[in-house]
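Chains as they are written, first to last, in my numbering: chain U, 13 to 526; chain S, 13 to 526.
Listed below in structure tokens is the structure:
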């Protein structure tokens, strides 16, 4: 058995089942090993950002890592932006990067580069393999490192001779570190603040946005009257009918500060203390107004669900039922397409148990509020701000959950970064509906430019924020990659297109002319 | 005047005229400064790899740097692959990366990452700006660093408060370091080897592939009988009618070693000693057979043209005329499309003074030989092996040379990486003809897999090397981005399409069904 085969067998034994791949020459033994071993699904992406974004989406839904298979430094570099998002999502991901044979590294061949320096900013764990005989154990360690609670990016750099060289066989799975224990003082402090009165909010993030933690939080809110907030960009939030309603912390710092201003205390569960997405002149980094006491019930690395359960116990809430959202989707909208009608159309037609990947930027903002009583769904956001996450992440989510409908609710500017994901959706016949907001602009940047004081941009600034001249024909782009596509001009057409899409198998694409 | 405006004015004073931009919120003051100052052309790319690849292509043709304008770590990361190619091409490029305001860096906002660690592998010079008042001088230094002979990548990381903060005004241009002097011993050793007999070759690379150096090399070859070789993947080679014929060192190591085996000595001018592109079992890193003496007439950082002129003088060649390629393009081919007929069709129709960016991989190999007597043209290759360079590089070359026709001779797999470049070509009405080789596969990887011993690949390996199911519809993709496109099925249709394309202004796209 060669090193490559020992790697694939080790990964399978550790429960890793999917490899999002864009291999090259230095990964050929690993490609061959995928065939030599049954059980590892190989999914081709036509650009590495598709592979890494898909691994993130897969991890958010499967709660376990997939492999990525990438080609040396430049191939890995193409995947960094979505690994940045995965890191911010705390998703477990295991990157496999082929490298030149150990004895060829010194030759400074054209594709040689410092892969470790590229990997460090997005990887919590990195190893450069030095021997085919250690590769199986290195793999087991990489997987355990990625699975460390709640999830991390680990990167294994594998010279090609370590892939084709001999081994003793696969390595046994290693136990991954679970959540760090929550200390009694954290529970007691949160309980004290909650007993203090109504001017308290729970800010939920990370794993506290899954069902058991949310239900515990809902019970606490129902009894104490505290507010339930969530991170602005959650990796995965369970919501809709049958779940407690959670308010989202606004994106713009002034609005976020205004949201938090009435509070006396903010209790963090799975979230960090909120900061501004960007620094603006005369705006603080921290979104927490002076005088608001911040208490960490559970850091992202701690067991937030357990901490919330313990808090329920500490507060002696007994079997208090939380207030749950009813099933009450909004009426189907009519008339012109705009962020309000688009959000309403999606909320009104969303099938039960859907997954919504929201990278719709300015067009997407109204959807969240209007969908709180839509059927139960998982909501995934752009966690790290590196645009181009939506289509790949939806692709990976669909592979993790083949029985669920995935909606990629997608801004046009962002979609162009990793548009190649549509082809993978077509090849794998994934149940993804892409809902593309064609407003022919980087609208958020127009807003941000105005915020920076430029209210009348000049010719060049306007041009750098416009996706017009020429207009992108998204129907042509989607069809060119094998995905059925339609264009809609108003809300009635949109509702019909969504309903049709949700009744069909496989990917399809709806271009909305906003 | 704010820092951003001082930067743009400094760049203009240093002769930098083009900015390939994909900005975000942290670059808004620079966007505004582009409008506040006349003379800096702003070109939008819909993905950062388009911007960096275009800057590389621009630099190869203009022999001076363009700016790129990129958004924090993830935006920069999307541009790394083509900066890797630019580094290998020794192209001057100046990256501007916006970053969080200095006082916001510690907040660990979602887009925060270690930009320096990402930049180091591709940048010869990096600076993190700390004060708006130093930004103009930092810019002058970044530009001088990029211009250091023959060209380098420099990276300036600019917190947004250093863009919007006050300055004293622009900084004066700084002189860039020229080529390192060639030592007399290098000339004398090369002369001695050349006098020795015919079993000598000049391996030309880098700046030795431009007209004056090539003509000097041609004179030396005409008199001494030495062979003229060039690097396998030249950044820019001047060739065709009226230039000396230069043989290209083959890509596969066995063939390269066979090419060099008859030699007694190999003289390097602007090139480094050749190494295998990849390490294979039982194949050496160095392509130079034992017993061949390697002598560096001029390293890439030295004045290769001057060294070759000095060698002409040393050899007392006087006014010997080199043997020049005649104008004798091949006949127009007919029949089926294959690498031979495709290469012949392009060589037969190529207009004078064209620029050919060759990322055609397996389909492209025959073009080089058949085009040695085509009209004079500049030939640009994929220097660093990071695929996805062709369309962006062609875009930048067309901006540098608006009066010349650019041909992006392009493999399908590689084209998908940075397909967004077509939109920039349409927006800027660039004279680029994309000649797309649709063989529905990563053909080179099929070859490489066979080389690794897998002659009968399994289902998964086949699938990872196939771009079929679904087939990409390249005409739809090009038209979707605003570029006129046709599909051709045979060589006759191809010749007609090329002739039509070369008679028109603006970009167009020819999909060849191979």
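C-beta atoms are modelled at their ideal positions from N, C-alpha and C, and glycine is treated no differently. Fair warning: this is a prediction, and the values are worked out from it, not measured in the lab.
Chain S contact for residue i (CB, 8 Å cutoff)
{"i": "residue 22/U", "result": "no"}
{"i": "residue 308/U", "result": "no"}
{"i": "residue 167/U", "result": "no"}
{"i": "residue 40/U", "result": "yes"}
{"i": "residue 301/U", "result": "no"}
{"i": "residue 43/U", "result": "yes"}
{"i": "residue 482/U", "result": "yes"}
Minimum Cβ-Cβ distance from residue i to chain U less than 8 Å
{"i": "residue 30/S", "result": "no"}
{"i": "residue 493/S", "result": "yes"}
{"i": "residue 371/S", "result": "no"}
{"i": "residue 144/S", "result": "no"}
{"i": "residue 256/S", "result": "no"}
{"i": "residue 264/S", "result": "no"}
{"i": "residue 471/S", "result": "yes"}
{"i": "residue 133/S", "result": "yes"}
Which of helix, strand or coil DSSP assigns to residue i
{"i": "residue 31/S", "result": "strand"}
{"i": "residue 187/U", "result": "coil"}
{"i": "residue 467/U", "result": "coil"}
{"i": "residue 14/U", "result": "strand"}
{"i": "residue 487/S", "result": "helix"}
{"i": "residue 124/S", "result": "coil"}
{"i": "residue 391/U", "result": "strand"}
{"i": "residue 313/S", "result": "coil"}
{"i": "residue 528/U", "result": "Here chain U has residues from 13 to 526 only, and residue 528/U is not among them."}
{"i": "residue 302/S", "result": "coil"}
{"i": "residue 335/S", "result": "coil"}
{"i": "residue 502/U", "result": "strand"}
{"i": "residue 257/S", "result": "coil"}
{"i": "residue 445/S", "result": "strand"}
{"i": "residue 368/S", "result": "strand"}
{"i": "residue 453/U", "result": "strand"}
{"i": "residue 167/U", "result": "strand"}
{"i": "residue 513/S", "result": "helix"}
{"i": "residue 421/S", "result": "strand"}
Range of the contiguous beta strand (DSSP E) that encloses residue i
{"i": "residue 528/U", "result": "Because chain U is modelled from 13 through 526, residue 528/U falls outside the range shown and cannot be assessed."}
{"i": "residue 137/S", "result": "137–140"}
{"i": "residue 196/U", "result": "Careful: residue 196/U lies outside any beta strand (DSSP E), inside the alpha helix (DSSP H) at 196–207."}
{"i": "residue 54/S", "result": "53–56"}
{"i": "residue 520/U", "result": "520–525"}
{"i": "residue 281/U", "result": "277–281"}
{"i": "residue 83/U", "result": "79–83"}
{"i": "residue 250/U", "result": "249–251"}
{"i": "residue 215/U", "result": "212–216"}
Under 9 Å from the C-beta of residue i: neighbouring residues of chain S
{"i": "residue 50/U", "result": "By Cβ distance, chain S contributes nothing, its closest Cβ being about 10 Å from residue 50/U, past 9 Å."}
{"i": "residue 328/U", "result": "Simply none; closest approach about 37 Å."}
Where residue i meets chain U, residues with beta-carbon distance less than 7 Å
{"i": "residue 485/S", "result": "491 and 492"}
{"i": "residue 460/S", "result": "37 and 40"}
{"i": "residue 176/S", "result": "293"}
{"i": "residue 8/S", "result": "Nothing about residue 8/S can be read from this structure; chain S reaches only from 13 to 526."}
Start and end residues, alpha helix (DSSP H) containing residue i
{"i": "residue 227/U", "result": "223–236"}
{"i": "residue 326/S", "result": "316–326"}
{"i": "residue 424/S", "result": "424–427"}
{"i": "residue 242/U", "result": "Note, residue 242/U: premise wrong, no alpha helix (DSSP H); beta strand (DSSP E) at 239–242."}
{"i": "residue 271/S", "result": "265–272"}
Partners in chain U for residue i, counting only beta-carbon separations shorter than 8 Å
{"i": "residue 54/S", "result": "472, 475 and 476"}
- Item | Residues in the region 417–438 of chain U having any Cβ partner in chain S nearer than 9 Å | 425, 428, 429, 430, 431, 432, 435 and 438
- Item | Short-range partners of chain S found in the region 90–123 of chain U, where Cβ spacing is below 9 Å | 90, 91, 92, 93, 94, 95, 96, 97, 99, 100, 112, 113, 114, 115, 116, 117, 118, 119, 120, 121, 122 and 123
- Identify each residue in the region 266–296 of chain U for which the Cβ-Cβ distance to at least one residue of chain S is less than 7 Å, and report them in chain order. 287, 288, 289, 290, 291 and 293
- Item | Residues of the region 378–399 of chain U whose Cβ lies closer than 9 Å to any Cβ of chain S, in chain order | 394, 395, 396, 397, 398 and 399
- Taking Cβ-Cβ distances below 9 Å as the criterion, which residues of the region 56–80 of chain S are in contact with chain U? 56, 58, 59, 60 and 61
- Which residues, in order along the region 139–163 of chain S, keep a beta-carbon less than 7 Å from a beta-carbon of chain U? none
- Task: Would you list, in chain order, the members of the region 235–249 of chain S that have their beta-carbon closer than 8 Å to a beta-carbon of chain U?
- Result: 245
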